[in-house]
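Q: In UniProt numbering, the protein residues as written are 1 to 381.
Every residue gets a Cβ at the ideal spot worked out from N, C-alpha and C, and that includes glycine.
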Ligand SMILES: Cc1ncc(C[n+]2csc(CCOP(=O)(O)OP(=O)(O)O)c2C)c(N)n1
Ligand SMILES: [Mg+2]
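1) Hey, residue 223 and residue 229: beta-carbon distance below 7 Å or not?
2) Hey, quick one: how far does the alpha helix (DSSP H) through residue 193 stretch, first residue to last?
3) My assumption, with CB atoms under 8 Å, is that residue 116 sits in contact with residue 62. Please give the rounded CB distance.
4) Give the residues whose C-beta lies closer than 7 Å to at least one heavy atom of ligand 2, in chain order.
5) Relative to the C-alpha of residue 246, which candidate in 195, 89 and 28 has its C-alpha closest?
6) For chain B, find out if any of its Cβ atoms is closer than 7 Å to the Cβ of residue 254; answer yes or no.
7) Can you tell which of 11, 20, 363 and 153 has its C-alpha closest to the C-alpha of residue 107?
8) Leaving out the 5 sequence neighbours to the left and right, which residues in its chain are closer than 6 Å to residue 364 when beta-carbon positions are compared?
9) Need the endpoints of the beta strand (DSSP E) that residue 205 sits in, please.
10) Output the distance between the C-alpha atoms of residue 358 and residue 218, rounded to the nearest integer angstrom.
11) Just reading off the beta strand (DSSP E) that residue 139 is part of, what are its end residues?
12) What does the Cβ neighbour count give for residue 166, buried or exposed, with the cut at 16 atoms within 10 Å?
13) Between the Cα of residue 50 and those of 81, 375 and 311, spot the shortest distance and give me the residue it belongs to.
14) Got a sec? Which residues, its chain only, sit under 8 Å from residue 360 by beta carbon, not counting five neighbours each side?
15) Can you tell me whether residue 148 sits near ligand 1, meaning its C-beta is under 6 Å from at least one heavy atom of the ligand?
16) How would you write the range of the alpha helix (DSSP H) that residue 358 sits in, first residue to last?
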């Protein structure tokens, strides 16, 4: 027996008034039943050839970047690298739909999006190299730091977008998050505020099937992650996350809608993480080769290559040129990452507090004395 069923209970029992209606018609907010696709469908004929070529060059460069960064972890030059191989289309499209004044809020897996937005490939790896702070000036790049705590970048994106709107600035924020991140409280808070405030923000969920070893089926019972949008009162869009042209279109529409004052959108991209969670993970412990192989037939680069070739927009020379450009980027990345960074250990104490505590000043003096003693030994004094 609940408290409300107890005889004589005066507990408040809300009941809707007879004329109750939903505040928002949920039908237009609902995502399509299956992920939206362009490549390999009739819609592909309408795609801009210059855009398709640009996407192709970026995808090829992105994959090579992932391979190079992973190699750098084995050489001890990077502490860790979460590869986005298989997810390059999401990464590249997210960056290319933004204008210069817009903001990108990436998660730790979104280094490629940061590089596709124009950041120096070395700066994008500074954080993962174990260096201090972000490695770049977020305000100058208009890219928030690559975010390791799950989903905390989402309320930040909403706050920035809302503030820009209050100031009358033409700014859209695009925030990236994984399927696992949608279970975080920050995801809920960000989407709720974004919809209530009609903030100019786009949420891109890369559903790559896993949160480390946890498959999507254990993560959520929702019909799709895009359906979650409806509960907040914003549209949900479901898109093939390996189809760069579809992603560019859907994300582009969401960004433009936000820019016009139409409010936020939640986009779920169905993709797959082809490699382990990071170089520190062994994916064979929780998934089989057959599953991974099935996704190889739906590879984002192959899908685009097929389309470009069929339309006569790409030949062998074009494929070679893209590969050579990617190789040159990788060689430069390797060379610069192999140079030892010049670091000042005293930086440990900078930017911790505006005013240093007594304990911190003591530790600072101790470290300075140790470094000076070490330098004296090296100088043979
Ligand atoms: C708040 C918080 N809780 C837990 C973790 C540990 N953690 C790091 S990655 C990860 C899985 C995230 O999966 P998903 O959001 O799907 O992103 P993906 O790694 O697949 O890109 C977890 C649980 C964390 N970084 N932050
Ligand atoms: Mg995931």
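A: Quick look at the numbers:
1) Here residue 223 refers to the residue found at position 223 when the chain shown is read from its first residue. Here residue 229 refers to the residue found at position 229 when the chain shown is read from its first residue. Going by C-beta atoms, residue 223 is not nearer than 7 Å to residue 229.
2) One-based indexing of the chain shown puts residue 193 at position 193. Counting along the chain, the alpha helix (DSSP H) containing residue 193 begins and ends at 185 to 197.
3) The residue labelled residue 116 in the question sits at position 116 within the chain shown. The residue labelled residue 62 in the question sits at position 62 within the chain shown. In this structure, residue 116 and residue 62 form a Cβ contact; the two beta carbons are roughly 7 Å apart against a cut-off of 8 Å.
4) Residues flagged by the Cβ proximity filter: 178, 179, 180, 206, 207, 208, 209, 210, 211 and 273.
5) Along the chain shown, read from residue 1 onward, the residue named residue 246 stands at position 246. Nearest of 195, 89 and 28 to residue 246, Cα basis: 89.
6) The displayed structure is made up of one protein chain only, and chain B is not part of it.
7) Here residue 107 is taken as the residue at index 107 of the chain shown, counted from 1. That would be 153, whose Cα lies nearest to the Cα of residue 107.
8) The residue you call residue 364 lines up with position 364 of the chain shown. For residue 364, the CB contacts under 6 Å within the same chain, skipping 5 residues up- and downstream, are 349 in chain order.
9) On the chain shown, position 205 is the one that residue 205 refers to. Counting along the chain, the beta strand (DSSP E) containing residue 205 begins and ends at 201 to 207.
10) Mapped onto the chain shown, residue 358 falls at position 358. Mapped onto the chain shown, residue 218 falls at position 218. Going from the Cα of residue 358 to the Cα of residue 218 covers about 48 Å.
11) Locating residue 139 in the chain shown gives position 139, where the first residue counts as 1. Counting along the chain, residue 139 falls outside any beta strand (DSSP E), though it belongs to the alpha helix (DSSP H) covering 138 to 141.
12) Numbered from 1 along the chain shown, position 166 holds the residue referred to as residue 166. Residue 166 counts as exposed, since fewer than 16 other beta carbons sit within 10 angstroms of its beta carbon.
13) Residue 50 sits at position 50 when you count from the first residue of the chain shown. When only C-alpha atoms are compared, the closest one is 311.
14) Here residue 360 corresponds to residue number 360 of the chain shown, with the count starting at 1. Same-chain partners within the cutoff: 349, 352 and 353.
15) Position 148 of the chain shown holds residue 148. Answer for residue 148: yes, Cβ within range of ligand 1.
16) The residue you call residue 358 lines up with position 358 of the chain shown. Unbroken alpha helix (DSSP H) run through residue 358: 358 to 378.
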